[in-house]
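What follows is a short report on a single structure.
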Amino acid sequence: NTFTRGKVSISDSTASTSTSTGALVVSGGVGIGGAQYVGGNLTVSGTGTISSNLSVTDNGTGKQIRIGNDTTTEGLSIRAFAGYAYIEAVNPGVGYNQLRLNPGNGGSVTVGNGGLTVGGNLTVSGTGTSSFAGLVNIIGNGSGSTLRLDTGDQATYGYLNVQHYTNGAFIGTTAGTNTAANVLRLG
Numbered sequence: 161n162t163f164t165r166g167k168v169s170i171s172d173s174t175a176s177t178s179t180s181t182g183a184l185v186v187s188g189g190v191g192i193g194g195a196q197y198v199g200g201n202l203t204v205s206g207t208g209t210i211s212s213n214l215s216v217t218d219n220g221t222g223k224q225i226r227i228g229n230d231t232t233t234e235g236l237s238i239r240a241f242a243g244y245a246y247i248e249a250v251n252p253g254v255g256y257n258q259l260r261l262n263p264g265n266g267g268s269v270t271v272g273n274g275g276l277t278v279g280g281n282l283t284v285s286g287t288g289t290s291s292f293a294g295l296v297n298i299i300g301n302g303s304g305s306t307l308r309l310d311t312g313d314q315a316t317y318g319y320l321n322v323q324h325y326t327n328g329a330f331i332g333t334t335a336g337t338n339t340a341a342n343v344l345r346l347g
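Just so we're aligned, residue 161 is where the sequence shown starts under the numbering used here, counting upward by one.
Below, the structure is given as structure tokens:
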């Protein structure tokens, strides 16, 4: 065993491209009790475990966490850029599907290039306007499906329902204290 109380400097500038190359090669594990700074790229060929937070700082170029083989193959990208947070499924040569999170503007979420599929219930609430461009598909569970428009005061005004069942399509209202139930059957 060798013990050193002072700083150890290695002036060799050989870059590392594997576990057996570089200015310092260690055959066994390395235990480090303090902070580290890596000035170049970091490659981990095994499993990386982080037991606390991982912080990727941005110097204005949109740094990202990328899960995939390299930048030329498909993968997952998580990045922050220009005030937005992006989660992207990347497929070079084909394009990407993007989920954009905006912490300002009331916390909006934008889904681009591919649409959004919701496997459970979807609730849209707020006082602003919700806009849909293109086709909106509502697929039921086999026995029927319902698009319900709600004023926010169901007890007083009820709902407006657009429904489709195996025996036809219906447009109707449910009863509230100030409204009656009405149904228009189509088909």
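A virtual CB, placed ideally from N, CA and C, is assigned to each residue, including glycine.
These figures come from a predicted structure and were not determined experimentally.
Kindly indicate which three-state DSSP category residue 195 falls into: helix, strand or coil?
In the sequence shown, the residue the question calls residue 195 occupies position 35. Looking at residue 195 - three-state DSSP - the assignment turns out to be coil, as it is neither helix nor strand.
Assign residue 250 to buried or exposed, taking buried as 16 or more other Cβ atoms, counted over all protein chains shown, within 10 Å of its Cβ.
For the purposes of this step, residue 250 is taken as residue 90 along the sequence shown, with counting starting at 1. Classification for residue 250: buried.
If we count the other Cβ atoms within 10 Å of its Cβ and call it buried at 16 or more, is residue 246 buried or exposed?
Your numbering for residue 246 matches position 86 in the sequence shown. So residue 246 counts as buried.
Could you compute how far the alpha carbon of residue 315 sits from the alpha carbon of residue 309?
If you number the sequence shown from 1, residue 315 lands on position 155. If you number the sequence shown from 1, residue 309 lands on position 149. In a straight line, the C-alpha of residue 315 is about 14 Å away from that of residue 309.
Quick one: give me the first and last residue of the alpha helix (DSSP H) that residue 333 is part of.
Translated into positions along the sequence shown, residue 333 becomes position 173. Counting along the chain, residue 333 falls outside any alpha helix (DSSP H), though it belongs to the beta strand (DSSP E) covering 328–333.
Quick check on this structure: which residue in 228, 235, 270 and 226 has the alpha carbon closest to the alpha carbon of residue 244?
For the purposes of this step, residue 244 is taken as residue 84 along the sequence shown, with counting starting at 1. The option with the nearest alpha carbon to residue 244 is 270.
Quick check: residue 342 and residue 328, are their CB atoms within less than 7 Å of each other?
As a first step, residue 342 is located in the sequence shown; it is residue number 182 there, counting from the start. As a first step, residue 328 is located in the sequence shown; it is residue number 168 there, counting from the start. No, the pair does not count as a contact, with Cβ atoms beyond the cut-off.
Is residue 340 helix, strand or coil by DSSP?
Within the sequence shown, numbered from 1, the residue matching residue 340 stands at position 180. Three-state DSSP puts residue 340 in coil, outside helix and strand.
Indicate the three-state DSSP secondary structure (helix, strand or coil) for residue 315 in the structure shown.
In the sequence shown, the residue the question calls residue 315 occupies position 155. Here residue 315 sits in helix by DSSP.
Where do the N-terminal and C-terminal ends of the beta strand (DSSP E) with residue 235 fall, by residue?
Here the question's residue 235 lines up with position 75 in the sequence shown. Its beta strand (DSSP E) spans residues 235–241.
Of all the options 320, 330, 313 and 237, which has the alpha carbon lying nearest to the alpha carbon of residue 337?
Here residue 337 refers to the residue found at position 177 when the sequence shown is read from its first residue. For residue 337, the nearest C-alpha among the options comes from 313.
Please report the straight-line C-alpha distance between residue 217 and residue 268, rounded to a whole angstrom.
For the purposes of this step, residue 217 is identified with residue 57 of the sequence shown, where counting begins at 1. For the purposes of this step, residue 268 is identified with residue 108 of the sequence shown, where counting begins at 1. Computed Cα separation, rounded: 23 Å.
Please identify the residue among 174, 334 and 326 whose C-alpha is closest to the C-alpha of residue 352.
The shown model of the chain, from 161 to 347, leaves out residue 352, and the question about it has no answer.
Taking only three categories from DSSP, how would you classify residue 165?
Indexing the sequence shown from 1 puts residue 165 at position 5. In the structure shown, residue 165 sits in coil (DSSP, three-state: anything other than H, G, I, E or B).
Have a look at 283, 287, 272 and 278 and flag the residue whose alpha-carbon is nearest the alpha-carbon of residue 294.
If you number the sequence shown from 1, residue 294 lands on position 134. That would be 272, whose Cα lies nearest to the Cα of residue 294.
Please state the DSSP three-state secondary structure of residue 271.
Taking the sequence shown and counting its residues from 1, one reaches residue 271 at position 111. DSSP places residue 271 in strand when its eight states are reduced to three.
Would you tell me roughly how many angstroms separate the C-alpha atoms of residue 238 and residue 213, rounded to the nearest one?
For the purposes of this step, residue 238 is taken as residue 78 along the sequence shown, with counting starting at 1. For the purposes of this step, residue 213 is taken as residue 53 along the sequence shown, with counting starting at 1. Answer to the nearest angstrom: the Cα atoms are 15 Å apart.
May I ask which residues mark the beginning and end of the beta strand (DSSP E) holding residue 286?
Locating residue 286 in the sequence shown gives position 126, counting from the first residue. Residue 286 -> no beta strand (DSSP E), and no H or E assigned at all.
Just tell me which of 207, 211 and 242 has its CA closest to the CA of residue 227.
For the purposes of this step, residue 227 is identified with residue 67 of the sequence shown, where counting begins at 1. It is 207 whose Cα lies nearest to the Cα of residue 227.
Classify residue 234 as buried or exposed, calling it buried when 16 or more other Cβ atoms lie within 10 Å of its own Cβ.
Stepping through the sequence shown from its first residue, residue 234 is reached at position 74. Under this definition residue 234 is an exposed residue.
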